[in-house]
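Colleague: Residue numbers (the numbering used here): -14 to 496. Structure in structure tokens, see below.
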Amino acid sequence: MSQSFWQDRRAYAIATVAAIGGASFGYDTGIGGGVIALSSFQHSFYGTNLTTPKKAELSSNIVSILFGGAFFGSLFVPVADRLGRKYSLVVATLLFLFGAFLQIGQTSNIDYVYAGRAVAGLGIGMISNLSPIYISETAPKHIRGRLTGLFQMLLVIGGLLAYFITYGCSVHMPTTSTVQWRLPLGFQAVPGFFLLVGLFLIPESPRWLASAGRTEEARATLAYIRAKDIHDSDVVVEFAEIEAQLAEEKAAGEGLTLRELLKPANLKRLAAAYAVSIGLIFCGHTSILYYGPTIFQTVGYDNQNSALLATGIFTVIKVVCTPICLWIGIDRYGRRAGMLWGSAAQAAVLYILGALCYKWPTGGKNPDGPGPQNRAMAAMLYLFVIAYSFSWGPIAWIYISEIFSARTRQIGVATAIALTWLANYAISKSTPLALVDIKAGWWIVLASFNAGLFALVWFLPETRGKSLEEMDILFGSATAEVRENNIWAALKHEQTEKDEMDRSKSSFIEV
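Below you can see the structure in the form of structure tokens.
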């Protein structure tokens, strides 16, 4: 084990616990499309009366209701500011668990499933906001990308579990049993339980503690996470940066105001976060994720089990590629470069997929099974997810959570994540209809959107290797000279306090 990893061991452990929220997120968003495809689920609520239009409506509702709840959950900013990151995550997890159990509480009334999806969505929305913030506020700057990206890695693992548990139930359980769909829906409570237990084993964010005026607790927590003495020079300098930023914000006035939020520097941050949020959802991945079995059926894999298996392979690729990106790329090559090449690669493969779908509009499947054209379409979907897993998948969450100042972080991240859920809702409602109405044209639309993303990302600043406090300088809300003076003032104040403490100890000993 390298010395660097051992030094950062607590940061890795803390980030891993918080990232379990990503597994809950990934499982719950990934399970909807697969469960809907199960015959037992359809029979439980509709018998033999489920027409194609009604099935499309059911599919859209199951997926999109979760997003409606998540949209409102992500905006619970006052809760997070009052309770802190850790205990707000506890509240979010309890909501999620209640929603999970509600979804399997009744086997003939679809309203229970809808209500459970909405409540679980509230929890997921809060988790999607708080987990990346918590990780970014506790991570050392040299591995912040890797640690914050753990949220995405656990998210795709959650999606993998969703697909293969659904696939296993589809193959090995009778279609006449409600257990076939209740087991995969109920399993979402498992990562939620582990998250709930783990949250009681990790500390509060030192940056939130400092902003709440709990200075000594914040300093001690930062030293604990860094596995260093409270007077270690690295801890002292990092905490001085935190205090300098808070001092500047306090000088600007008590509490965040709309006027401060609309200053040019903060507007640039909001614009960057909102652009990345929209890009994350409309780049095409979300359409494939939520309606994978249906999409693979449209390209020639029209057997239920083969479509589920093809979708599972799609998710396996994400699980393999995401950790490689986090371990060797994210903190070496940067955020901007990753999003640039990702946009270009995604656009290219989606244009090719669109062309193939125009050539074979019904998949062109052979009587003996999927032919070369079907495998080529599936290959484009797999190449797309490789590009996504090395770029937008992990980077978007990292970028959104790290660019805001202490005072604007909660509202900035909350509104950006709320925007992703709003976009999720839009894409979940439009994808089934687009696949029916415009067919191959949908892939051309998504490819063109990625081409536009390339141009947009070109103007975003690079954040790799910078502390959260240095983002103020990067986005222009503070100058390097002013920040340096404030850091020195914070260091001088801390040294004065230390000297006074040493004199008090000496006096006590003499007495």
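Even glycine gets a Cβ: it sits at the ideal position worked out from N, Cα and C.
Classify T163 as helix, strand or coil using the three-state DSSP reduction.
Modeller: If DSSP states are grouped into helix, strand and coil, T163 belongs with coil.
Colleague: With distance defined between alpha-carbon atoms, name the residue in L115, A147, P346 nearest to A0.
Modeller: Considering only alpha carbons, the answer is L115.
Colleague: Going straight from the alpha carbon of Y336 to that of S272, what length do you get?
Modeller: Going by the C-alpha atoms only, they are around 15 Å apart.
Colleague: Could you check whether the segment 143 to 153 touches the segment 309 to 318, counting it as contact only if at least three pairs of C-beta atoms, one from each stretch, sit closer than 8 Å?
Modeller: Result no; under three Cβ-Cβ pairs closer than 8 Å.
Colleague: In chain order, which continuous runs of the alpha helix (DSSP H) of length 4 or greater are located wholly inside the segment 2 to 69?
Modeller: Listed in chain order, the complete alpha helix (DSSP H) runs (minimum 4 residues) inside the segment 2 to 69 are 24 to 31, 37 to 58.
Colleague: Using the three-state DSSP reduction, which class does L186 fall into: helix, strand or coil?
Modeller: Residue state, collapsed to three classes: coil.
Colleague: Out of curiosity, what's the CA-to-CA distance linking L194 and L68?
Modeller: Taking the straight line from one Cα to the other gives about 11 Å.
Colleague: Can you have a look at T481 and say buried or exposed, based on whether 16 or more other CB atoms are within 10 angstroms of its CB?
Modeller: Its Cβ having fewer than 16 others within 10 Å, T481 is exposed.
Colleague: Give me, in chain order, the residues of the same chain whose beta-carbon lies closer than 7 Å to that of L368; leave out the 5 immediate sequence neighbours on both sides.
Modeller: Hits under 7 Å: V334.
Colleague: State the Cα-Cα distance for the pair S413 and I95, rounded to the nearest angstrom.
Modeller: Their Cα atoms are separated by approximately 19 Å.
Colleague: Checking 7 Å against the spacing of the C-beta atoms, do F460 and K126 come in under that value?
Modeller: Not a contact, by the Cβ cut-off of 7 Å.
Colleague: Can you grab the Cα-Cα spacing for the pair M(-14) / Y384, in whole Å?
Modeller: At M(-14), the pLDDT of 49 sits below 50, so the modelled position is not reliable; the number obtained from the coordinates is stated separately. Rounded to whole angstroms, M(-14) to Y384 spans 29 Å at the Cα level.
Colleague: Does the segment 95 to 112 come close enough to the segment 76 to 83 that 3 or more CB-CB pairs lie under 8 Å?
Modeller: Yes, the segment 76 to 83 is in contact with the segment 95 to 112.
Colleague: Taking buried to mean at least 16 other C-beta atoms within 10 Å of its own C-beta, is H478 buried or exposed?
Modeller: Exposed, because fewer than 16 other Cβ atoms sit within 10 Å of the Cβ of H478.
Colleague: Kindly indicate which residue of K40, V48, H28, I16 has the alpha-carbon position closest to the one of V518.
Modeller: Given that the chain is displayed from residue -14 to residue 496, the structure contains no residue 518 and the question cannot be resolved.
Colleague: Quick one: residues in its chain with C-beta nearer than 6 Å to the C-beta of R392, no 5 flanking neighbours on either side, listed in chain order?
Modeller: Hits under 6 Å: E234, L241.
Colleague: Three-state secondary structure (DSSP) at S116?
Modeller: In this structure, S116 counts as helix in the three-state DSSP scheme.
Colleague: Over the uninterrupted alpha helix (DSSP H) stretch that includes M456, give me the two end residues.
Modeller: Counting along the chain, the alpha helix (DSSP H) containing M456 begins and ends at 456 to 460.
Colleague: Would Q395 and D66 qualify as a contact pair, given that the criterion is a beta-carbon distance under 7 Å?
Modeller: Their beta carbons are under 7 Å apart, which means Q395 touches D66 by this criterion.
Colleague: Would you kindly report the start and end of the unbroken alpha helix (DSSP H) that includes R321?
Modeller: Its alpha helix (DSSP H) spans residues 320 to 344.
Colleague: If you draw a straight line from the alpha carbon of R(-5) to that of I210, how long is it in whole angstroms?
Modeller: Looking at the two C-alpha atoms, the distance is approximately 5 Å.
Colleague: In terms of alpha-carbon separation, which member of F267, P357, S49, A208 lies closest to L341?
Modeller: Minimum Cα distance to L341 is reached at P357.
Colleague: In this structure, how does DSSP classify L453 when only helix, strand and coil are distinguished?
Modeller: Reduced to three states, the DSSP call for L453 is coil.
Colleague: Given E516, which residues of its chain have a CB within under 6 Å of its CB, disregarding the five upstream and five downstream residues?
Modeller: Only positions -14 to 496 of the chain appear in the structure, and residue 516 is not among them; the question remains open.
Colleague: For the ligand ATP, is there any heavy atom lying closer than 6 Å to the beta carbon of V98?
Modeller: As far as ligands go, the structure on display features none, and thus does not contain the ligand ATP.
Colleague: What did DSSP end up calling I315 once you bin it into helix, strand or coil?
Modeller: Correct three-state label for I315: coil.
Colleague: Ordered along the chain, which non-local residues of its own chain (more than five positions away) have a Cβ less than 8 Å from that of S162?
Modeller: These residues qualify, in order along the chain: S25.
Colleague: Need the endpoints of the alpha helix (DSSP H) that K235 sits in, please.
Modeller: Where K235 is concerned, the enclosing alpha helix (DSSP H) stretches over 218 to 236.
Colleague: Inspect the CB distances between the segment 210 to 229 and the segment 8 to 22 and report whether three or more fall short of 8 Å.
Modeller: Touching, no.
Colleague: Go through its chain and collect everything with a Cβ distance to P355's Cβ below 7 Å, but skip five positions before and after it.
Modeller: Correct list, in chain order: G285, Y286.
Colleague: With 16 as the cutoff for other CB atoms within 10 Å, does A4 come out buried or exposed?
Modeller: Burial call: buried.
Colleague: State yes or no: is the C-beta of L87 within less than 7 Å of the C-beta of A100?
Modeller: Yes, these two residues count as a Cβ contact at 7 Å.
Colleague: Can you grab the Cα-Cα spacing for the pair V2 / Y31, in whole Å?
Modeller: Those two C-alpha atoms are separated by around 40 Å.
Colleague: Start and end of the alpha helix (DSSP H) containing H270?
Modeller: H270 -> alpha helix (DSSP H) spans 270 to 275.
Colleague: Quick one: residues in its chain with C-beta nearer than 6 Å to the C-beta of G171, no 5 flanking neighbours on either side, listed in chain order?
Modeller: If we look at G171 and ignore the five residues flanking it on each side, its Cβ neighbours are I89.
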